[in-house]
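A.B. asks: The structure under discussion is supplied below as structure tokens; questions concerning it will follow.
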Amino acid sequence: MLVIDEHYYNRLRDIIRVRVGIDISCYSKSFIARRIEFRMNIYNIKDYNDYLRLLECSDEVKAFVADLSINVTEFFRDPDVFDRFKELLKGYRSARIWSIGCASGEEPYTIAIIAKDNGVRCSILASDINKNAIEYAKKGLYPSKSIRNVPKDILAKYFTLTDDGYAVRNDVKDMVTFEVRDITKSIYTGQFDFIFCRNMLIYMDHVSKERIINNICNAMKPHSYLILGKSEYVHNCSMLSCIDTKAKIYIKV
């Protein structure tokens, strides 16, 4: 794997901050190194300086930032997590939900479908750092591989098969508001009943994880829920208590 020394890392960070206004210092250096190596291989670039020059003078900087978004996603990914979410949702008539790092939109639409199917009025904020992913998500149109975990009755009820793929029904799309947003800079106060932040913290450094968790806690109502990825966990946060170690669900105490 590519190893980046401090000088080159600082140059990379400064180029991206100046050109697109995003601070990559929240990501672990090993994750950044893997993304750089991936992008350099696309162009068959062998020298790190050559890649930095490409970032300075082309749209490659936008492609690099887009690659920081975690795009491995599908509808009803980890069905047991959504089964647990459905159980918790039964106690609500209405709920405000935030899907952080929503990528191409499968997660927030899954949340919307579960809420609608269980008679819960929901307003969902879905955010990601990747502008292209957000634009894709807004269309609500997906290939068959994205819907392989969708139960047949749900597929028939909430999707329309078109020549271009499976389209999410408009009344489901209307439940979700998509935004380009950097979670490391987002400050909310007590707005949300549920926050999904799955499979993103594992790519962050320790300091950034703590800052993100703090920002998330500020956005949670008392006794609201945070749902993380299955390999993620919260350390030393007095505001959160784990209620499901398998599904990685925390409650704000």
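Take the sequence shown: its position 159, counting from 1, is numbered 159 in my numbering, and each next residue is one higher. Just so you know, even glycine gets a beta-carbon here, dropped at the ideal spot from N, CA and C. Bear in mind that the values here come from a model prediction, so they are computed numbers and not experimental data.
1. Leaving out the 5 sequence neighbours to the left and right, which residues in its chain are closer than 6 Å to Ser-99 when beta-carbon positions are compared?
2. Determine the direct distance from the alpha carbon of Gly-190 to that of Ala-219, and round the result to whole angstroms.
3. My understanding is that Asn-149 touches Phe-75, with C-beta atoms under 8 Å, so please give their C-beta distance in whole angstroms.
4. Along the chain, where does the alpha helix (DSSP H) that runs through Ile-216 open and close?
5. Note the first and the last residue of the continuous beta strand (DSSP E) segment covering Cys-242.
6. Alpha carbons only, please: which of Ser-28, Asp-78 and Leu-2 is nearest the one belonging to Ala-247?
7. Could you check where the beta strand (DSSP E) with Thr-110 kicks off and where it finishes?
8. Would the region 200-217 and the region 19-36 be scored as touching if the rule is three or more Cβ pairs under 8 Å?
9. In the structure shown, what three-state DSSP assignment does Cys-26 receive?
10. Taking the continuous alpha helix (DSSP H) assigned at Phe-76, which residues delimit it?
11. What residues in its chain sit with their C-beta under 7 Å from that of Lys-62, if we drop five residues either side in the sequence?
C.D. replies: In short:
1. If we look at Ser-99 and ignore the five residues flanking it on each side, its Cβ neighbours are Glu-107, Pro-108, Ala-126 and Phe-196.
2. Roughly 5 Å between the two C-alpha positions.
3. Your pair Asn-149 and Phe-75 checks out as a contact, with CB atoms roughly 6 Å apart and the cut at 8 Å.
4. Counting along the chain, Ile-216 sits inside the alpha helix (DSSP H) bounded by residues 206-218.
5. From DSSP, the beta strand (DSSP E) with Cys-242 extends over 240-244.
6. Nearest C-alpha to Ala-247 among Ser-28, Asp-78 and Leu-2: Asp-78.
7. Taken as a continuous stretch (DSSP letters only), Thr-110 belongs to no beta strand (DSSP E), being part of the alpha helix (DSSP H) at 106-117.
8. Verdict: yes, contact present.
9. In the structure shown, Cys-26 falls within a helical segment according to DSSP collapsed to helix, strand and coil.
10. The continuous stretches of alpha helix (DSSP H) do not include Phe-76, and DSSP gives it neither H nor E.
11. When the five nearest sequence neighbours on each side are left out, the beta carbons in the same chain lying within less than 7 Å of the beta carbon of Lys-62 are those of Val-20, in order along the chain.
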